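In my numbering, the protein residues as written are 60 to 395. Cβ atoms here follow ideal geometry from the backbone N, Cα and C, with glycine treated the same way. None of the values given here were measured: they were computed from a predicted structure. For reference, the structure is listed below as structure tokens.
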Ligand code: AMP
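Here it is in structure tokens:
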């Protein structure tokens, strides 16, 4: 891009804790692809954050590489956005250290996602988990991003990013950091439900309830045919129970509007057969996921191309991070 207009900076990342799924696609990636058209975007693979759950050295790079491949396969474009591994930017770790000096135990302990993690894994309450919000603040503010695409579950973290930016600015009497705001997509962020009838699609609901972008057609068909439904409506225009609402949400995500309306009408007239709905949903899902899966295989096979993209992303991200760190060190009082 050769425009001279300074565009707002957007920054976001996903942790490499497994293959990306339909929830990641509709809740984050699809939005990233749109944002790169309008903003100066930095998209990273959060392979520092992933250490909170202690991956083995043998898995770390492969998992991170797989997310990068999937970023590229869904349409993130290294010519438009800066796409990089978080661990290629040690400047982030330095900024994280500075933010940690002004982050307080009480405020970190009150974070909802921290409390959830403590409940889920009482034997792994490490300091990295506790300081997730300062690392996230460092990720965003290392590029002075003003816009962050966040889901509902990340709003509290973004609020804390503003707190750390503001605290740093007032402590050093400077305006080094902007106070970043959430950025939505025109279509809004869609929540994708799990196939087991409740909750949102994701690893916590299990493999069988989650459709991965790498799932083969036969796997998708099997998962959808086993999705939870019920014995059918008994009254005309009856409110849909959660598991049925969820099947319709999936249909809305991948099928044509006419298809959704067709089954909605059958439901309202108590004539729906869930087997038919699931068959249609499975075919539409396969038609949606299969081109992405093929693209993931293609991108993943091009080792040389990937290496170039990783190096280029690292270089671009470092140029931006170096500028910020130089300014930060200066206002803190280190020798230039
Ligand atoms: P995670 O893999 O949980 O770290 O999520 C990465 C991104 O995907 C976040 O922006 C989430 O909000 C989004 N995301 C994850 N699961 C879903 C889902 N089932 N529906 C919508 N968005 C999701």
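Setting aside the 5 residues that flank it on each side, residue 145 is surrounded in the same chain by 72, 103, 104, 105, 106, 107, 108, 151 and 198, each with a C-beta closer than 8 Å to its C-beta; the list follows chain order.
Residue 99 counts as buried, since at least 16 other C-beta atoms from the protein chains shown sit within 10 angstroms of its C-beta.
Contact between the segment 83-98 and the segment 220-228 is absent, with fewer than three C-beta pairs closer than 8 Å. Ranked by how close their Cα comes to the Cα of residue 174, the residues 378, 192 and 142 have 192 in first place. For residue 92, the enclosing alpha helix (DSSP H) stretches over residues 89-97. Per DSSP, reduced to three states, the secondary structure at residue 240 is strand. Bounds of the beta strand (DSSP E) holding residue 73 are 68-73.
DSSP assignment within the segment 251-325 yields the following whole alpha helix (DSSP H) runs of 4 residues or more, N-terminal first: 276-284 and 301-313. Under the DSSP assignment, residue 144 falls in the beta strand (DSSP E) whose first and last residues are 141-144.
The residue among 69, 270, 389 and 393 with its C-alpha nearest the C-alpha of residue 234 is 389. In this structure, the ligand AMP has no non-hydrogen atom nearer than 8 Å to the beta-carbon of residue 160.
Taking all protein chains in view, the Cβ of residue 178 is surrounded by fewer than 16 other Cβ atoms within 10 Å, so the residue is classified as exposed. Here residue 256 is near residue 302, since their CB atoms are less than 9 Å apart. The Cβ neighbour count for residue 285, taken over all protein chains shown within 10 Å, is under 16; the residue is labelled exposed. Between the alpha carbons of residue 142 and residue 200 lies a gap of roughly 16 Å.
DSSP lists no beta-bridge partner residue for residue 133. In the DSSP annotation of this structure, residue 105 is not part of any alpha helix (DSSP H), being labelled neither H nor E. In the three-state scheme derived from DSSP, where H, G and I count as helix and E and B as strand, residue 207 is classed as strand. Approximately 6 Å separates the beta-carbon atoms of residue 309 and residue 340; this is inside 8 Å, confirming the contact. Secondary structure note for residue 177: its alpha helix (DSSP H) is the uninterrupted segment 171-179. In the three-state scheme derived from DSSP, where H, G and I count as helix and E and B as strand, residue 80 is classed as strand.
Residue pairing of residue 100 in beta bridges, as defined by DSSP: 69.
Counting only the Cα atoms, residue 326 lies some 15 Å from residue 311.
Residue 365 is not a Cβ neighbour of residue 74, given a cutoff of 9 Å. In chain order, 98, 205 and 206 place their CB closer than 6 Å to the CB of residue 67, counting only its own chain and leaving out the 5 sequence neighbours on each side. Taking the Cα of residue 165 as reference, the smallest distance to any Cα among 300, 115, 329 and 219 is reached at 219. The ligand AMP approaches residue 80 closely enough that one of its heavy atoms is under 8 Å from the residue's Cβ. Where residue 392 is concerned, there is no enclosing alpha helix (DSSP H), because DSSP gives it neither an H nor an E.
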